[in-house]
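Undergrad: Take a look at the following structure, please.
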Amino acid sequence: MRIITYKTILQYSELHPDIKLAIDKWYIETEKSEWNCFADVKKSFGSVDSVGNKRFVFNIKGNSYRLVAMILFIPKIVYIRFIGTHKEYAKIKDCSKI
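Those letters in the sequence shown? Residues 1 to 98, by this note's numbering.
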């Protein structure tokens with residue numbers, strides 16, 4: 001998969017160094033994947049949730065952080081839409097629209 005907006009990951013991990021190892025692990029696993037559907041994503045990340053509109057929520061670092069990504073399966077592209085703490089994530093009214 002090709003991950004768009006890697007800069008977002010770098011910037012967030014600079015502000016929150018405790019996420020660095022976990023987010024790097026997510027990035028490496030995602031980049032080497034060839035997902036064709038949600039079931040493929042679920043095999044890689046068992047705790048991922050689909051929230052509609054091609055948006056998927058990943059638990060990062062034992063659910064301390066959340067990452068919302070838009071996944072386009074046909075061109076094999078992952079767009080990072082949000083990274084934040086679980087508390088910050090809880091403030092989002094509709095993840096399918098970010």
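Glycine included, C-beta positions come from ideal geometry on N, C-alpha and C.
When DSSP labels each residue in this structure, what does Thr5 get in the three-state scheme?
TA: On the sequence shown, residue 5 is found 5 positions in, with the first residue counted as 1. Thr5: coil per DSSP, three-state reduction.
Undergrad: With 16 as the cutoff for other CB atoms within 10 Å, does Leu67 come out buried or exposed?
TA: For the purposes of this step, residue 67 is identified with residue 67 of the sequence shown, where counting begins at 1. It counts as buried.
Undergrad: Which two residues bound the contiguous alpha helix (DSSP H) that contains Ser44?
TA: Counted from its first residue, the sequence shown places residue 44 at position 44. First-last of the alpha helix (DSSP H) with Ser44: Phe38 to Ser44.
Undergrad: Under 8 Å, do Ser64 and Thr30 count as touching if we go by C-beta distance?
TA: Indexing the sequence shown from 1 puts residue 64 at position 64. Indexing the sequence shown from 1 puts residue 30 at position 30. Their beta carbons are not under 8 Å apart, which means Ser64 does not touch Thr30 by this criterion.
Undergrad: Less than 8 Å separating the beta-carbons of Asn59 and Ser47?
TA: Start at 1 with the first residue of the sequence shown, and residue 59 comes out as number 59. Start at 1 with the first residue of the sequence shown, and residue 47 comes out as number 47. Against a cut-off of 8 Å, the Cβ pair of Ser47 and Asn59 comes out as a contact.
Undergrad: Going by DSSP, what residue range makes up the beta strand (DSSP E) through Ile28?
TA: For the purposes of this step, residue 28 is identified with residue 28 of the sequence shown, where counting begins at 1. Element bounds for Ile28: not the beta strand (DSSP E) but the alpha helix (DSSP H), Lys20 to Lys32.
Undergrad: For Ile28, count neighbouring Cβ atoms within 10 angstroms of its own Cβ and tell me buried if that reaches 16, exposed if not.
TA: Translated into positions along the sequence shown, residue 28 becomes position 28. Result: exposed.
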